[in-house]
């Protein structure tokens, strides 16, 4: 804990971020310990249970990122993009004449189907749980907040139709994409807290391991395999 406090203070984190980070760290240690105890009861050989625990931690830390990326790339959906380009422009670069529109159909990944896998990652869970600070425009001002925005963004399904129009009559830019991008604050407020989902999945894994250990070591038993332990 002391080195965590020192690092947090050196990085200029708020008190709420420090407290939440320590609580999440404690919860993650508890989950890993529960999984380790459960696997030690399920597996007869202590060495195998230790290796299995390490592999489980690696799966949560690295495997979730790989599974999320592969799943999103494998499952895709068609997206129709219609573009209207300007034929002539004024001295300010605004389109004054509109050319013929073009339509293109492409495949886009569906990462929104697998965001729960990403939320199970301990590091993503921590970043999503830490309170976020915003500026006057609703944008995040810290690294944890940037990670949270990226994680929450994948919850939003991609649009099936997108329209880019250089011939719009927007007096400010003369360009309109037809896509409204919400601020970071609105995005976070309108999506599901990923840390809660990730923690529930981790607790379910820990409970499953403990339940398996209880069933494996329950006594009296008619027959025990060689090397079995009882509690």
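Residue numbers (our numbering): 3 to 233. Built from N, CA and C at the ideal position, the CB exists for glycine as well.
query, result
"DSSP state of residue 175 mapped onto helix, strand, coil", "Note that residue 175 scores 43 on pLDDT, short of 50, meaning its location in the model is unreliable and no value can be drawn from it."
"Residues that DSSP places opposite residue 50 in a beta bridge", "Looking at the DSSP assignment, residue 50 forms no beta bridge with any residue, so it has no partner."
"Ranges of the alpha helix (DSSP H) found wholly within the stretch 18-62, counting only runs of at least 4", "48-60"
"Local Cβ density within 10 Å of residue 123, reported as buried at 16 or more and exposed below that", "buried"
"Residue of 74, 144, 137, 85 minimising C-alpha distance to residue 120", "74"
"7 Å CB neighbourhood of residue 140 in its chain, flanking five on each side removed", "185, 186, 187, 188"
"Cβ-based burial, residue 66 [other Cβ within 10 Å; buried from 16]", "buried"
"Cβ distance (whole Å) where residue 166 is taken to contact residue 116 below 8 Å", "So it is not a contact: roughly 28 Å between Cβ atoms."
"Own chain partners of residue 129 with C-beta closer than 6 Å, once the 5 adjacent residues on each side are dropped", "146, 149, 150"
"Under the three-state DSSP convention, the category residue 104 falls into", "strand"
"Expected contact under 8 Å - CB spacing of residue 79 and residue 162 to nearest Å", "7 Å"
"Counted within 10 angstroms of its Cβ, other Cβ atoms place residue 204 as buried (16 or more) or exposed", "buried"
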